[in-house]
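The numbers in numbering that gives the first Met the number 0 rise by one with no breaks, and the one at position 99 of the sequence shown is 98. Backbone N, C-alpha and C define an ideal beta-carbon position, used for all residues, glycine too. Right, one structure below, let's go through it.
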Amino acid sequence: MNKKITVIRGDGIGPEIVNEAIKVLDKTAEKFGHSFEYTDILMGGCSIDAYGVPLTDEAIATAKAADAVLLGAIGGNTSTSPWYKLAPELRPEAGLLKIRKELGLFANLRPAVLYDELKFACPLRDDIIGEGFDMMIMRELTGGLYFGERKTETVNGLETAVDTLSYNENEIRRIARRGFDIAMKRKKKVTSVDKANVLDSSRLWRKVVNEVSKDYPEVELEHMLVDNCAMQLVRDPKQFDVILTENMFGDILSDEAAMVTGSLGMLASASLNDTKFGLYEPSHGSAPDIAGQNKANPLATILSASMMLRFSFDMDKEADAIDNAVKQVLNEGYRTGDIMSEGMTLVGCKEMGDLVAGRI
Ligand code: IPM
Ligand code: MG
């Protein structure tokens, strides 16, 4: 198969981790008789430096014309980088929000898995970890507080800021369907997270999720308030299979779930629209402090590339080959600094990419 991939290397460690993912993709293509064609676009700080905006319309058009997008990371140090002195709509993150909206990427899948090999990195007690955990956070990505009307104005002499949290039933229904579809392929449990004891948007969320659940009689559905969910994630993460939630709650809970695994450098993510198209990126950020030093962990980006093969290209065998190569390299004891422990072999970003590519 021939597939067109738009590549966003981005800022910080973005370029180096994307290089390693492409190395692994090329090896996979060679092995399985595919060809991947890459086109680079700029997004984030590097686009601000080149064009004065975090994402140009031309870049969006290029991304739209591809079969999928592979993203490294964007953004810089928010206290020192000049990008953060710009108006909010010109900062690096605005590019990310724009591409999500323009490409209609409403379904954000963030797996949080405890790798057996990396159990030591989990900050939870052994009795809580038990046999380990494997959950999928399904975050709504193009609605809610992130895209509602906002303004800052002076009201009765006081500076006042307003953000709006709004969802309509269709926006809730389509993400709920995605959540239940994914649960059908996993342990068949959905935990829908909301704040229905306070928010109208959450009460509608709960109602629509209940309706959708009728079409999935095999899936067990439970509702959980977001504050309780934040607590349950550290009390007993094993209880979760699919966590289905709105944009802002998903932003917060997905970072918590990632931290609970102890290996943020391993976690991939996919953002999908209602076709096969998707944007794939590691769950971690641009880590400007270690950029360009060959220290970054490329595995989350490599695993994101594997998700791209699985979800956008229907290449399950190929995706399995990448996932297994990653497991093999970990089993052989190779580690980047972020997941290093005693007795293991420390390698750099580039070497880690070589090792994985060598095992495809
Ligand atoms: C994420 C990030 C973004 C978000 C930021 C960078 C705008 O935290 O992808 O989780 O809040 O969605
Ligand atoms: Mg976040």
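Per DSSP, what kind of secondary structure is residue i in: helix, strand or coil?
i	result
D240	coil
G103	coil
K187	coil
Y83	helix
T61	helix
S253	helix
K213	coil
S200	helix
D273	coil
E221	strand
K150	strand
M230	helix
P53	coil
For the beta strand (DSSP E) containing residue i, name the first residue and the last one.
i	result
V112	106-112
T38	34-39
K2	1-9
Give the straight-line distance between the Cα atoms of residue i and residue j, rounded to the nearest whole angstrom.
i	j	result
G352	R8	16 Å
A49	I40	11 Å
S212	N272	21 Å
E341	L329	14 Å
Y145	G156	27 Å
I171	V208	7 Å
D288	G11	8 Å
E101	A58	11 Å
D66	A257	28 Å
Grab the span of the alpha helix (DSSP H) containing residue i for me, first residue to last.
i	result
G44	44-50
A318	315-330
L409	Within the shown structure, residues of the chain are numbered from 0 to 359, placing residue 409 beyond reach of any answer.
M351	348-357
T27	13-31
I136	Unbroken run through I136 is the beta strand (DSSP E), 133-139; no alpha helix (DSSP H).
Step through the CB atoms of chain D and report whether any lies within less than 8 Å of the CB of residue i.
i	result
I12	Protein chains in the displayed structure number just one, and chain D is not present.
Rounded C-beta distance between residue i and residue j? I'm assuming under 8 Å.
i	j	result
L95	I47	Contact doesn't hold; Cβ gap of about 13 Å is too wide.
T300	V17	6 Å
M324	V355	Correcting the residue identity first, residue 324 is Ala in this sequence and not Met. With 8 Å as the limit, A324 and V355 qualify as a contact, their Cβ atoms being about 5 Å apart.
Chain-ordered residues, beta carbon under 7 Å from a heavy atom of the ligand MG | D250, S253, D254
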